[in-house]
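> Quick mapping for you: the protein sequence lines, in order, are chains A and B.
Taking this note's numbering, the leading residue of the first sequence gets 1, the next gets one more, and so forth.
Taking this note's numbering, the leading residue of the second sequence gets 1, the next gets one more, and so forth.
One structure is given below, represented as structure tokens, and several questions about it will come after.
2 protein chains.
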Amino acid sequence: MSVETATSPFAPKRLAKLPPVEGVSLASYATGSRYMGRDDLLVAKFAAGTSVAGVFTTSKMPSAAVDLSRAHLQSGKAGALVVNAGIANAFTGKAGARAAMQTARAAAKAFDCPLEQVFVASTGVIGEDLDAKPLIAGLHAVAPEMPATGGDYIGAARAIGTTDTFVKVATRTVTFGKHKVVLNAIVKGSGMIAPDMATLLAFVFTDAAIPAGVLQKLLSESNDVSLNAITVDSDTSTSDTCLLFASGCKKLDGPALRSVQDKRLKAFRTGLRDIMQDIAQQTASDGEGVSKLMTIDVSGAEDDAAARRIGLAIGNSPLVKTAVAGQDANWGRIVMAVGKSGEWVERDRLAIDIGGHKVARAGRAVAHYKEAPVARHMRGKQIHISVNVGAKAGKGRGKARVWASDLTHGYISINADYRS
Amino acid sequence: MSVETATSPFAPKRLAKLPPVEGVSLASYATGSRYMGRDDLLVAKFAAGTSVAGVFTTSKMPSAAVDLSRAHLQSGKAGALVVNAGIANAFTGKAGARAAMQTARAAAKAFDCPLEQVFVASTGVIGEDLDAKPLIAGLHAVAPEMPATGGDYIGAARAIGTTDTFVKVATRTVTFGKHKVVLNAIVKGSGMIAPDMATLLAFVFTDAAIPAGVLQKLLSESNDVSLNAITVDSDTSTSDTCLLFASGCKKLDGPALRSVQDKRLKAFRTGLRDIMQDIAQQTASDGEGVSKLMTIDVSGAEDDAAARRIGLAIGNSPLVKTAVAGQDANWGRIVMAVGKSGEWVERDRLAIDIGGHKVARAGRAVAHYKEAPVARHMRGKQIHISVNVGAKAGKGRGKARVWASDLTHGYISINADYRS
């Protein structure tokens with residue numbers, strides 16, 4: 001990075017303390033590949049029998065790491081994870097596929113697990129070849145020392161960061177049968193963040209025993225209301241990867257889990273959605289150059305997916321984002337963004353609230369609209385926008401919540417100089 | 001405007017001289033509605049029998065002016081046009097519809113033409129009520145003095161501008177049967193510019209005699225490769241309007257025109273596409289805060305429409321736009337943007353050229369890629385990006401050209417302060 005990046009105003013004063021997750025071991029390492037003086041490699045080892053679920057970028061230009069991990073997800077089992085920051089290994093042709101495979105092979109050997117149980121992820125510059133050698137050297141350096149359970153989650157989150165200005169971690173402890181199980185999450189992402197899914201790497205670790213099929217459904221449903229509901233810049237990365245690892249050390253009594261509806265999963269399911277929304281909000285809060293975080297609630301849409309797309313049209317609009325950055329209660333731009341979403345919306349039923357204040361009803365400004373309280377809200381760091389789009393002649397029940405950063409001079413400074 | 005806006009580096013050193021168009025008369029006026037010390041009203045009067053064609057915003061939140069003009073387009077005939085700058089008359093409910101109708105009624109009376117032959121357009125702030133009175137007063141002030149043919153096209157272009165930093169006009173003279181006919185175009189637009197169609201008001205005037213049905217097809221086909229192929233900020237206005245008026249003073253011999261394929265239309269058709277592309281490029285060149293203009297050629301797509309969407313995904317990407325602004329030959333972001341387009345693209349066939357220099361072939365950087373000549377190109381004002389996306393196993397023949405502005409600190413400064 002050749003540019004000084006101001007720390008996000010949303011950086012937490014203190015970081016959460018993350019307990020160990022039984023059957024999960026982490027280590028990080030400085031390979032010197034691109035970044036100097038910092039760890040840039042994360043290695044994770046999982047207990048035998050660990051289940052895995054994943055969601056990946058929808059980009060038609062997926063990185064070699066995404067190709068490999070997507071293929072390995074078929075196995076439903078995970079033995080190891082290797083993540084590097086600095087070079088995305090995207091758009092690197094056969095050489096890139098080879099580098100990803102060499103890394104995975106080395107991990108399979110180091111941790112004595114089948115090759116198809118190794119996952120890799122890469123983030124950084126697109127189009128530059130990844131040299132697997134320093135990654136493999138790092139793997140060999142850390143692997144022999146890794147216990148069955150342990151590691152520094154904050155160090156791990158730091159090792160996978162690129163333009164991130166703060167370390168993003170979260171933890172929850174939930175009831176799982178007669179046990180308490182841990183959910184630990186680490187995430188990196190700051191730019192090239194748009195849904196489907198955000199340009200980010202997110203890893204969630206738990207000691208619960210959940211079979212891969214059910215785990216995948218749990219991840220997909222919570223991903224839709226978390227990482228797929230944030231946007232920084234509308235740009236979708238080649239490298240987005242979210243993996244959820246369940247070591248299986250804490251088992252449920254009774255019959256095998258077959259459905260996310262299983263009552264024994266209730267607390268876990270809530271905890272997972274909660275931790276995913278936590279890291280999603282943290283990611284939007286560390287959007288490049290962010291000064292304010294928008295929380296956008298859409299209701300009255302045709303369905304929930306339509307509501308999310310409308311929310312993202314608002315959150316992605318450069319004109320809405322700059323109005324928020326400028327503390328300008330310019331709600332006409334929200335009207336514009338709803339109108340361009342392409343979704344079923346009814347102009348003459350549209351209602352808008354900002355910061356809890358009524359702004360528009362039935363397709364126009366409310367009578368005696370007073371800007372002062374709205375302007376006061378716009379001066380805060382947390383901006384709340386709520387719209388009811390009146391679809392289906394006002395009978396639409398679709399709703400969604402979306403989080404988005406604003407668009408500032410800081411974003412321009414970061415991206416006109418940093419090569420990502 | 002509370003912000004000092006630097007003039008676009010693409011502002012022309014001298015403006016084109018526009019000849020009169022027979023049967024078209026223009027006048028402008030300062031109503032004092034919102035802008036002080038400048039004209040903000042354009043009035044046009046057309047000869048009896050003038051044909052009209054139009055394309056409008058795809059926004060689901062169309063302005064009252066768009067509603068009215070879209071309805072009147074059914075008549076195929078035009079007697080008058082009234083355009084105001086400063087207040088968009090969008091999201092203004094029944095009061096807005098009333099103001100648009102009052103204005104149109106006054107014009108119909110002033111020019112003694114049927115109400116359904118009056119067109120209106122408004123640009124400016126969304127959500128504020130438009131008072132028709134000063135517009136009607138302006139209309140009454142100018143109407144009695146307007147000759148059958150004449151008017152100041154440059155003054156007219158100036159009167160409809162908002163954040164525009166230069167006056168955008170163009171003129172062509174083409175053969176039309178035994179006549180020479182004139183095409184004059186004026187356009188405003190600088191922000192809230194995205195295709196379908198760009199946030200702009202564009203008016204094209206000609207003295208050719210072309211029936212409304214054929215005129216509409218001519219306008220639609222040229223609009224697709226001009227105003228619908230530019231983007232500044234991906235934000236689609238509530239107010240986009242492009243109208244083409246043909247006074248009919250210059251008539252063709254022979255049978256009535258029934259098809260755009262009619263050979264007698266060949267020069268006119270080319271001239272129309274040409275003038276539309278001219279004003280489209282001028283509009284992108286006056287994008288808010290623009291420092292460089294991208295010309296993006298996409299080939300190898302599934303079809304021309306897919307190629308255009310891919311071009312717009314590149315031209316709309318904040319990361320591509322900031323890289324261009326920063327003179328950074330960061331072609332990985334072009335890969336990213338192609339990947340997120342959602343169109344049929346084949347990663348391992350993707351080819352990219354910048355400024356005529358080969359950058360990537362077959363899904364990776366070219367061997368011995370040298371950045372120096374590309375970096376040199378990036379330091380210019382005109383940036384040329386060419387991609388072949390290799391769809392249909394390399395057999396795709398779809399192509400399109402798109403123009404886009406970059407994303408600079410100037411854009412942020414303008415939009416974090418100016419209420420539009």
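Cβ atoms here follow ideal geometry from the backbone N, Cα and C, with glycine treated the same way.
Using the C-alpha atoms, what's the distance from A104 of chain A back to H72 of chain A?
Here residue 72 of chain A refers to the residue found at position 72 when the first sequence is read from its first residue. Here residue 104 of chain A refers to the residue found at position 104 when the first sequence is read from its first residue. Those two C-alpha atoms are separated by around 10 Å.
> Name the DSSP bridge partner or partners of C242 of chain A?
To locate residue 242 of chain A, count along the first sequence from 1; it is residue 242. The partner list for C242 of chain A (beta bridge, DSSP) reads A:V55, A:A202.
> So, is the C-beta of I383 of chain B closer than 8 Å to a C-beta in chain A?
What you label residue 383 of chain B is simply residue 383 of the second sequence in a count that begins at 1. False, the Cβ-Cβ gap to chain A never drops below 8 Å.
> Is V290 of chain A helix, strand or coil by DSSP?
Within the first sequence, numbered from 1, the residue matching residue 290 of chain A stands at position 290. Coil, per DSSP.
> Taking only runs that begin and end inside the region 361-392 of chain A, name each unbroken beta strand (DSSP E) of 3 or more residues, in chain order.
382-388, all fully within the region 361-392 of chain A.
> Only counting the same chain, and skipping five residues up and downstream in sequence, which positions put a Cβ closer than 7 Å to that of N330 of chain B?
Reading the second sequence from its first residue, position 330 is the one you call residue 330 of chain B. Excluding sequence neighbours, N330 of chain B sits near A323.
> Does the beta-carbon distance from G127 of chain A to G300 of chain B come in below 8 Å?
As a first step, residue 127 of chain A is located in the first sequence; it is residue number 127 there, counting from the start. As a first step, residue 300 of chain B is located in the second sequence; it is residue number 300 there, counting from the start. No. Outside cutoff.
> For R347 of chain A, list the residues DSSP reports as bridge partners.
Position 347 of the first sequence, counted from the start, is the residue given in the question as residue 347 of chain A. None, per the DSSP bridge assignment.
> I'd like the list of long-range same chain contacts for D274 of chain B, defined as Cβ closer than 8 Å, with 5 residues on each side in sequence excluded.
In the second sequence, residue 274 of chain B corresponds to position 274, counting from 1. Only R172 meet the Cβ criterion.
> Could one say the Cβ of A416 of chain A lies closer than 8 Å to chain B's Cβ atoms, at least one of them?
Looking up residue 416 of chain A in the first sequence gives position 416. Answer yes: the Cβ-Cβ gap between A416 of chain A and chain B drops below 8 Å somewhere.
> Using a Cβ cut-off of 8 Å, which residues of the region 237-255 of chain B contact any Cβ in chain A, in chain order?
Within the region 237-255 of chain B, the qualifying residues are S237, T238.
> For P9 of chain A, which residues of its own chain have a beta-carbon under 7 Å away from its beta-carbon, when the five flanking residues on both sides are left out?
The residue given as residue 9 of chain A occupies position 9 in the first sequence. Excluding residues within five positions, the ones whose Cβ falls inside 7 Å are S291, K381.
> Using beta-carbon positions only, say whether L130 of chain B and L41 of chain B come within less than 8 Å of one another.
Residue numbering aside, residue 130 of chain B sits at position 130 when the second sequence is read from its first letter. Residue numbering aside, residue 41 of chain B sits at position 41 when the second sequence is read from its first letter. No; because the gap between Cβ atoms is not below 8 Å, this pair is not in contact.
> Here's a check: name, in chain order, each residue in its chain whose Cβ is nearer than 7 Å to the Cβ of R269 of chain A, leaving out the five neighbours to either side.
Counting from 1 along the first sequence, the entry for residue 269 of chain A is found at position 269. Excluding residues within five positions, the ones whose Cβ falls inside 7 Å are L218, V260.
> Beta-carbon within less than 8 Å of D253 of chain A's beta-carbon, same chain only, minus the 5 sequence neighbours each way: which residues are those?
Within the first sequence, residue 253 of chain A is the residue found at index 253, counting from 1. Once the five neighbours on either side are set aside, the close Cβ partners of D253 of chain A are G177, K178.
> Under 8 Å between C-beta atoms, does S59 of chain A make it to chain B?
Within the first sequence, the letter at position 59 stands for residue 59 of chain A. Yes, S59 of chain A counts as interfacial toward chain B.
> Would you list, in chain order, the members of the region 74-94 of chain B that have their beta-carbon closer than 9 Å to a beta-carbon of chain A?
Within the region 74-94 of chain B, the residues whose Cβ lies closer than 9 Å to some Cβ of chain A are A88, A90, F91, T92, G93, K94, listed in chain order.
> So which residues of chain A does R347 of chain B contact, with C-beta pairs closer than 8 Å?
Within the second sequence, residue 347 of chain B is the residue found at index 347, counting from 1. Those within 8 Å of R347 of chain B in chain A are K60, M61, P62, F91.
> Please go through the same chain and pick out, in chain order, the residues whose beta-carbon is closer than 6 Å to the beta-carbon of G150 of chain A, but skip the five residues on each side of it.
In the first sequence, counting from the first residue as 1, residue 150 of chain A sits at position 150. So the qualifying residues of the chain are P20, S25.
> Tell me, to the nearest whole angstrom, how far the beta carbon of K60 of chain B is from that of G339 of chain A; I am working on the premise that it is less than 8 Å.
The sequence position of residue 60 of chain B within the second sequence is 60, counting from 1. The sequence position of residue 339 of chain A within the first sequence is 339, counting from 1. Indeed, because the Cβ distance is near 5 Å, the residues count as touching under 8 Å.
> Would you please state the rounded distance, in angstroms, between the beta carbons of T162 of chain A and K188 of chain A? I believe it to be under 8 Å.
Here the question's residue 162 of chain A lines up with position 162 in the first sequence. Here the question's residue 188 of chain A lines up with position 188 in the first sequence. Contact holds; Cβ gap of about 7 Å.
> Start and end of the beta strand (DSSP E) containing Y29 of chain A?
Taking the first residue of the first sequence as 1, we reach residue 29 of chain A at position 29. Here the beta strand (DSSP E) through Y29 of chain A covers 24-29.
> Name, please, each residue of chain A whose Cβ falls closer than 9 Å to the Cβ of G332 of chain B.
The residue labelled residue 332 of chain B in the question sits at position 332 within the second sequence. Ordered by position in chain A, the residues that pass the 9 Å Cβ test against G332 of chain B are A88, A90, F91, V125, I126, G127, E128, T238, R419, S420.
> Tell me, please, which residues DSSP counts as bridged to R401 of chain B.
Along the second sequence, one-based indexing puts residue 401 of chain B at 401. B:D297.
> Short check: CB of G363 of chain A to CB of F56 of chain B, under 8 Å?
Taking the first sequence and counting its residues from 1, the one referred to as residue 363 of chain A is at position 363. Taking the second sequence and counting its residues from 1, the one referred to as residue 56 of chain B is at position 56. In this structure, F56 of chain B does not lie closer than 8 Å to G363 of chain A by Cβ.
> Hey, would you say R361 of chain A sits closer than 8 Å to G390 of chain A, going by beta carbons?
Locating residue 361 of chain A in the first sequence gives position 361, counting from the first residue. Locating residue 390 of chain A in the first sequence gives position 390, counting from the first residue. No, the Cβ-Cβ distance between R361 of chain A and G390 of chain A is not below 8 Å.
> Output, in chain order, the set of chain A residues within a Cβ distance shorter than 9 Å of H140 of chain B.
Locating residue 140 of chain B in the second sequence gives position 140, counting from the first residue. Within chain A, no residue comes near H140 of chain B; the closest Cβ sits about 28 Å away, beyond 9 Å.
> Report the residue from A:A229, A:A306, A:S51 whose alpha carbon sits nearest the alpha carbon of F205 of chain A.
Within the first sequence, the letter at position 205 stands for residue 205 of chain A. Among A:A229, A:A306, A:S51, the Cα nearest to that of F205 of chain A is on A:S51.
> Could you tell me how far apart the beta carbons of A121 of chain A and S190 of chain A are, in whole angstroms, since I believe they sit closer than 8 Å?
Numbered from its first residue, the first sequence carries residue 121 of chain A at position 121. Numbered from its first residue, the first sequence carries residue 190 of chain A at position 190. With 8 Å as the limit, A121 of chain A and S190 of chain A do not qualify as a contact, their Cβ atoms being about 16 Å apart.
> Does T408 of chain B get closer than 8 Å to chain A when you measure Cβ to Cβ?
Walking along the second sequence from the start, residue 408 of chain B turns up at place 408. Taking Cβ atoms only, chain A reaches closer than 8 Å to T408 of chain B, which makes this a yes.
> Where do the N-terminal and C-terminal ends of the beta strand (DSSP E) with F166 of chain B fall, by residue?
In the second sequence, counting from the first residue as 1, residue 166 of chain B sits at position 166. Per DSSP, F166 of chain B belongs to no beta strand (DSSP E) and is neither H nor E.
> Alpha carbon to alpha carbon, how far is A100 of chain B from G37 of chain B?
For the purposes of this step, residue 100 of chain B is identified with residue 100 of the second sequence, where counting begins at 1. For the purposes of this step, residue 37 of chain B is identified with residue 37 of the second sequence, where counting begins at 1. Cα to Cα, the separation comes out at about 24 Å.
> Cβ atoms of A367 of chain A and S341 of chain A: under 8 Å apart, would you say?
Residue 341 of chain A sits at position 341 when you count from the first residue of the first sequence. Residue 367 of chain A sits at position 367 when you count from the first residue of the first sequence. No, the pair does not count as a contact, with Cβ atoms beyond the cut-off.
> Give the residues of chain B in contact with L293 of chain A, contact being defined as C-beta atoms less than 9 Å apart.
Mapped onto the first sequence, residue 293 of chain A falls at position 293. Neighbours of L293 of chain A on chain B: none; closest Cβ ~16 Å, over 9 Å.
> With a cut-off of 8 Å, do at least 3 Cβ pairs link the region 396-403 of chain B to the region 224-239 of chain B?
Verdict: yes, contact present.
> Quick one: Cα of T7 of chain B to Cα of L407 of chain B, how far?
Within the second sequence, the letter at position 7 stands for residue 7 of chain B. Within the second sequence, the letter at position 407 stands for residue 407 of chain B. Whole-angstrom Cα-Cα distance: 15 Å.
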